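According to the numbering used here, the sequence shown is numbered sequentially starting from 15. Every residue gets a Cβ at the ideal spot worked out from N, C-alpha and C, and that includes glycine. Computed from a predicted structure; not experimentally measured. What follows is one structure encoded as structure tokens, with my remarks underneath.
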Amino acid sequence: MAFETRTWMSGMQPTLTEFYDTHPIHEAEILAKLRAAGDTLEDLTQDRLSAFDQDHYGGTDVVDLLAARAGVTSSHHVLDVCSGMGGPARWLAHTIGCRVTGIDLTESRVNSAIRLTQMVGLQQLVQFVQGDATAMHLDDATYDVVLSQEAWLHIPDKPGVVSECVRVTRPGGAIAFTDVVVRTPLAADEESRMAREMHAPNLATIELYSQLFEAHGCSIESCEDLSAEWTRVLADRHQMYRSLRDTTVARFGEQHYATWDATYEFFVGLYAAGRLGGVRMVARKPTDT
15 MAFETRTWMS GMQPTLTEFY DTHPIHEAEI LAKLRAAGDT LEDLTQDRLS AFDQDHYGGT
75 DVVDLLAARA GVTSSHHVLD VCSGMGGPAR WLAHTIGCRV TGIDLTESRV NSAIRLTQMV
135 GLQQLVQFVQ GDATAMHLDD ATYDVVLSQE AWLHIPDKPG VVSECVRVTR PGGAIAFTDV
195 VVRTPLAADE ESRMAREMHA PNLATIELYS QLFEAHGCSI ESCEDLSAEW TRVLADRHQM
255 YRSLRDTTVA RFGEQHYATW DATYEFFVGL YAAGRLGGVR MVARKPTDT
């Protein structure tokens with residue numbers, strides 16, 4: 015992908031799409047790990063794929079927990095907002111038997127999600143579409159549950175994404191998500207770096223998310239502070255990214271790896287300093303809308 019290497023090496027900041035196109039965790043890396051573990055793609059199962067395809071904090075355990083908080087059942091149609099390569103969507107379909115639609119802005123992630131889903135034979139339950147989470151081309155009141163994991167930090171328009179999630183949820187349905195939040199105000203240079211390097215402008219607080227859902231008539235069923243847990247998880251995640259140095263350099267170049275490593279070190283440092291944290295929240299849409 016020559017354009018990706020050129021974007022980073024020229025000193026220009028990548029777009030959000032390019033940020034994920036050049037992410038250390040990508041389809042080729044997942045497949046390489048499977049082959050290295052002795053798996054053959056011809057008879058790949060979701061149980062095996064799930065060891066490598068969960069591009070979020072905490073693996074399948076936290077997917078199970080988020081789904082349990084939202085009350086997902088086999089009869090539900092779930093929308094995964096900012097679904098990435100589809101790991102959580104496939105896991106839910108595989109373990110619960112629900113239908114899942116994933117929507118993501120990044121075309122390469124959507125295409126990877128579709129291919130990986132076909133590899134494990136879950137395409138009858140899981141589908142993916144490309145789209146903007148603040149302007150989803152999806153019908154009103156369609157989904158029993160809307161889920162999202164560590165994605166809204168990338169969306170400047172927090173009222174917009176909340177409004178859209180509420181709109182597409184059926185009356186009485188749940189919106190359950192995890193996201194990066196501000197615990198103590200960031201300095202101007204920290205805000206700038208988060209916006210520029212992590213594509214995380216206009217970070218929200220826990221209080222803001224609660225207020226946005228309540229403004230749409232939703233009730234907050236649960237709100238859990240994940241800051242301490244994520245501080246540990248992200249430190250481990252940073253070391254995992256460093257373990258991918260050789261493949262990252264081979265694919266995107268030395269400067270790209272060095273830039274990514276410095277950015278993630280800064281990001282993890284904000285957690286260690288108590289400036290950033292995490293939240294798991296479940297909002298319930300009223301039944302009379």
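Cβ contact (3+ pairs, closer than 8 Å) linking the region 260 to 277 and the region 175 to 187 = no
ask   = Residues bridged to residue 6 by DSSP?
value = Because the chain here runs from 15 to 303, residue 6 falls outside it and cannot be looked at.
request  = Determine the burial state of residue 51: buried for a count of at least 16 other Cβ atoms within 10 Å of its Cβ, exposed for fewer.
outcome  = Taking the sequence shown and counting its residues from 1, one reaches residue 51 at position 37. So residue 51 counts as exposed.
key: Closest by C-alpha distance to residue 240, when choosing among 299, 186, 194 and 183   = Along the sequence shown, read from residue 1 onward, the residue named residue 240 stands at position 226. Among 299, 186, 194 and 183, the Cα nearest to that of residue 240 belongs to 194.
task = Compute the Euclidean distance between the alpha carbons of residue 245 and residue 285, then round it to the nearest angstrom.
result = Locating residue 245 in the sequence shown gives position 231, counting from the first residue. Locating residue 285 in the sequence shown gives position 271, counting from the first residue. Rounded to whole angstroms, residue 245 to residue 285 spans 5 Å at the Cα level.
task = Inspect the beta-carbon positions of residue 34 and residue 123 and report whether they are closer than 7 Å.
result = Here the question's residue 34 lines up with position 20 in the sequence shown. Here the question's residue 123 lines up with position 109 in the sequence shown. Yes, these two residues count as a Cβ contact at 7 Å.
query = Which of helix, strand or coil does DSSP assign to residue 185?
reply = By 1-based counting over the sequence shown, the position of residue 185 is 171. Three-state DSSP puts residue 185 in a strand.
request  = Ignore the nearest five residues each way along the sequence and tell me which others in residue 108's own chain have a CB closer than 7 Å to its CB.
outcome  = Working through the sequence shown from its first residue, we reach residue 108 at position 94. If we look at residue 108 and ignore the five residues flanking it on each side, its Cβ neighbours are 60 and 136.
key: Inter-residue spacing [alpha-carbon to alpha-carbon] between residue 281 and residue 212   = Your numbering for residue 281 matches position 267 in the sequence shown. Your numbering for residue 212 matches position 198 in the sequence shown. Rounded to the nearest angstrom, the two C-alpha atoms are 8 Å apart.
Contact with chain D by residue 54, beta-carbon distance below 7 Å = No chain D is part of this structure, which consists of one protein chain only.
ask   = Sorted by chain position, which residues of the same chain lie with C-beta nearer than 7 Å to residue 25's C-beta, five sequence neighbours on each side aside?
value = Along the sequence shown, one-based indexing puts residue 25 at 11. The predicted model places residue 25 with a pLDDT of 43, which falls under 50 and marks its position as unreliable, so this point remains unresolved.
ask   = Under the three-state reduction of DSSP, which class applies to residue 77: helix, strand or coil?
value = Along the sequence shown, one-based indexing puts residue 77 at 63. Note: residue 77 maps to helix in three-state DSSP.
inquiry  = To the nearest angstrom, how far is the alpha carbon of residue 87 from that of residue 73?
reply    = Within the sequence shown, the letter at position 73 stands for residue 87. Within the sequence shown, the letter at position 59 stands for residue 73. Cα to Cα, residue 87 sits roughly 20 Å from residue 73.
query = On the three-state DSSP scale, how would you describe residue 237?
reply = For the purposes of this step, residue 237 is taken as the residue at position 223 of the sequence shown. The answer is strand: DSSP assigns residue 237 an E or B state.
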